[in-house]
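Residue numbers (our numbering): 417 to 1350.
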């Protein structure tokens, strides 16, 4: 059974493959691997791993050090095809059955005890011998004892000792006295006070005809116990001694084989539903459930081994439980029971009724059933103690429903439920998610036919995405294809495209995704049901905690917990603010959104507007932490709901990180505002995002949000602002014709509404187009007009911007003196206004000017701080431009090594932000530096 073993901990730690052992490196990676292996297929919290690696003195950054060791170990284990998963709170190593000697040992031990229990003593001996042969010395003999590992090492050593003792007891019971005697004496040399071993030695000596030696052994142990511990031998040892003195045939206290429990018909109990013939994927979950149910030796006497399989509707909980139960049924020869607890029906079964079914299965006549549930439980547990069985409690409503049904014996118990079973004592919980895309594809091939699926792979992939990789949905989709052989897959793909009708399409015969969701939805308290419906309106993707609070107008935590416990909502992790994020499975979201149509339109609109207001205020807060921009958000009064102060404070501390992380959600919010009929919020959100999109050079997102906002036909002033932003995108993408048209339209609207400052910004945009189009004189005239307006309005940031722009036009005209004067003025104004961003950009322009004038020292004194300032502000585009100019300078100085480094750095940034124009320029800017990748 140990031929497949990759990982060995029963002795020195070893990892091997068909090509031989691999080197694991020093002590730390070996301790890390050992800790993961002793918790195979389970998440090990990062704190536990840190304790294992550094039990006494921790490094300054233990989490970072741990990540480094995990990364290195991953690379090493890849050589044997093993993986370490990053989980929410730590890490887990995936181990399949037969790959870890410790798990093989446990399985053999459990099998041996089962053989012993049913009277197959020679088979039990063989299993125990095979189990003990896996040991190559002390467990982890080559590693220092570590706090986090100590209990595992002690448990493994105790299990080995127990196995040795059991094997020797079986030798005695089967008459192999001579073999047993030597091994028993060796064991006593290690554990001289273990009376159970002395008992076996006396029996072996007596059975081998050495009665005198047996009596001497008793005298030896009695003297040892009295002198060392001050106690007499125990009653069983004394009984064996007296039997030998009387010349009787002493017998070992060996368990007799149990009589299998039979039903009244006399047949062994085999109540499991049929295994799923096309069961697909789930290798990790199957291994975890097998391991959980096979580890009865770890469970205290009088306690069952319990595993719960939980997950959302349609994810395949029962299929997994039944599949694994069939795999393990040979280990439970007394029988397997199945009880449907009807937890998702309108009337979950009462524990008393379920106990009645169990007792009838165990042979109790209906007339003899006790009335009180306590008496039924007591009788059930008494009968259960006579056997070893596996019982599957399917579709449990709660831990309270299952608790009275747990036997007080070494049965294996599997519970399936849509609700988490955290309250179930000692239960190993296995949470099922949807299938991986590969497993989903394999399942569809098994149902609909591989050849048919492979002919239309694109449509098959689209169908699986529409099904959200949910096994029930895939099974229904496959069944529909089987029933319509003439359909191309594209027909079903098109039918599933419409989210509002998707659940209607996912129905065949008695199978329906919607019906499965109905069962969970109907059990929700009214307030939780309303929260569920409203969350469905938020669209695909994960959502932050505060957005759910906005939907229900505060106090969402209680109902979020209800939805999480019912697996109708999923916790996906934490966001950059350290707060939880949630998501609904796509089909659950479709169901929730359809259910939300029953809400009054006014109520639904108010809930969505609160969420959109929260996004708007959060974005405005974050934008205030960006470098000053001419596209900073315009104050608006449309937001009427604000997230908690703590949320906004966290955004203030990390504005760029928050905007980077939430970019997709913010774009979705603009689309949601348009779809739900909130044009003012849609436009305000789009405008508030322009500063960030400009800062990060996200021109595609900038364009999409402004175009969809403009489609709502906003008021002239709002339209003018949106047109100016859209014009800037066209300008930056080098569409000067489109930019000119949009800037001109924006200018006209600002003039129409009497917004002189807005008009001036539009003029600046037109000036940029003129300069880029080769008309610097025209650009200058426009900029001077705008400068007057900004000076009158007192906007120092805008004034510094225009002065820099005028200086750049003089650079184009070749008038370096005027260019330097205007740029120096811009530098003065920006510094007085505290505008570091404009300061950095202006220094970069001055550096370019001094480079052209061959004043390399002055150029360097401008460009080095420009690169530093813009880098500190995280403005990648402007930093790349400054680096490019620094490269020009260094090339002119003859410092080609530094020039190449600067231009390569600029080139890498341009490529990362998809600035193709900047990337192309960086390749050709400086002589001899065009050997860069495209």
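Just so it is clear, CB atoms sit at the ideal spot from N, CA and C, and this is done for glycine as well.
Simplified DSSP state of residue i, which is helix, strand or coil
i, result
"residue 786", "coil"
"residue 799", "helix"
"residue 444", "helix"
"residue 672", "Summary for residue 672: the model assigns pLDDT 37, below 50, so the residue's position carries little reliability, and this model does not support an answer."
"residue 995", "coil"
"residue 1045", "coil"
"residue 501", "strand"
"residue 951", "helix"
"residue 845", "strand"
"residue 507", "strand"
"residue 590", "coil"
"residue 928", "strand"
"residue 1114", "coil"
"residue 1030", "helix"
"residue 685", "strand"
"residue 647", "coil"
Selection from the options that minimises the alpha carbon distance to residue i
i, options, result
"residue 577", "522, 840 and 627", "522"
"residue 1254", "1289, 795, 539 and 544", "1289"
"residue 1159", "1182, 1168, 469 and 1187", "1182"
"residue 890", "853, 902, 1331 and 1077", "853"
"residue 794", "1214, 774, 810 and 1236", "774"
"residue 462", "440, 496 and 501", "501"
"residue 1201", "1191, 1211 and 1175", "1175"
"residue 1023", "896, 969, 803 and 493", "969"
"residue 599", "590, 1207, 613 and 1117", "613"
Distance between residue j and residue i (C-alpha atoms, nearest Å)
i, j, result
"residue 871", "residue 905", "9 Å"
"residue 941", "residue 1012", "15 Å"
"residue 555", "residue 642", "33 Å"
"residue 1109", "residue 729", "40 Å"
"residue 948", "residue 797", "41 Å"
"residue 962", "residue 552", "56 Å"
"residue 922", "residue 880", "12 Å"
"residue 1066", "residue 993", "6 Å"
"residue 842", "residue 1095", "54 Å"
"residue 1245", "residue 1261", "15 Å"
"residue 832", "residue 812", "6 Å"
"residue 679", "residue 938", "The pLDDT assigned to residue 679 is 41, lower than 50, so where the model puts this residue is not dependable; a value taken from the coordinates is nonetheless given after this. One C-alpha to the other measures close to 37 Å."
"residue 769", "residue 807", "16 Å"
"residue 792", "residue 690", "29 Å"
"residue 933", "residue 1004", "7 Å"
"residue 1080", "residue 696", "34 Å"
"residue 896", "residue 956", "26 Å"
Per-residue burial, residue i [other beta carbons within 10 Å of its own, 16 or more giving buried]
i, result
"residue 475", "exposed"
"residue 1333", "exposed"
"residue 990", "exposed"
"residue 658", "exposed"
"residue 965", "buried"
"residue 763", "exposed"
"residue 1193", "exposed"
"residue 1030", "buried"
"residue 517", "buried"
"residue 1301", "buried"
"residue 1223", "buried"
"residue 443", "exposed"
"residue 1102", "buried"
"residue 888", "buried"
Extent of the continuous alpha helix (DSSP H) run through residue i
i, result
"residue 546", "537 to 549"
"residue 1069", "1061 to 1069"
"residue 1219", "1212 to 1229"
"residue 809", "No alpha helix (DSSP H) contains residue 809, which is instead part of the beta strand (DSSP E) from 806 to 812."
Interface flag, residue i vs chain B, CB-CB below 8 Å
i, result
"residue 1321", "Of the chains in the structure shown, none is chain B; there is only one protein chain."
Limits of the unbroken beta strand (DSSP E) element including residue i
i, result
"residue 756", "751 to 756"
"residue 1128", "No beta strand (DSSP E) contains residue 1128, which DSSP labels as neither H nor E."
"residue 986", "986 to 990"
"residue 832", "828 to 833"
Residue i beta carbon near the ligand HEM (any heavy atom closer than 7 Å)
i, result
"residue 437", "In the structure shown, the ligand HEM is absent, as is every other ligand, since no ligand is present at all."
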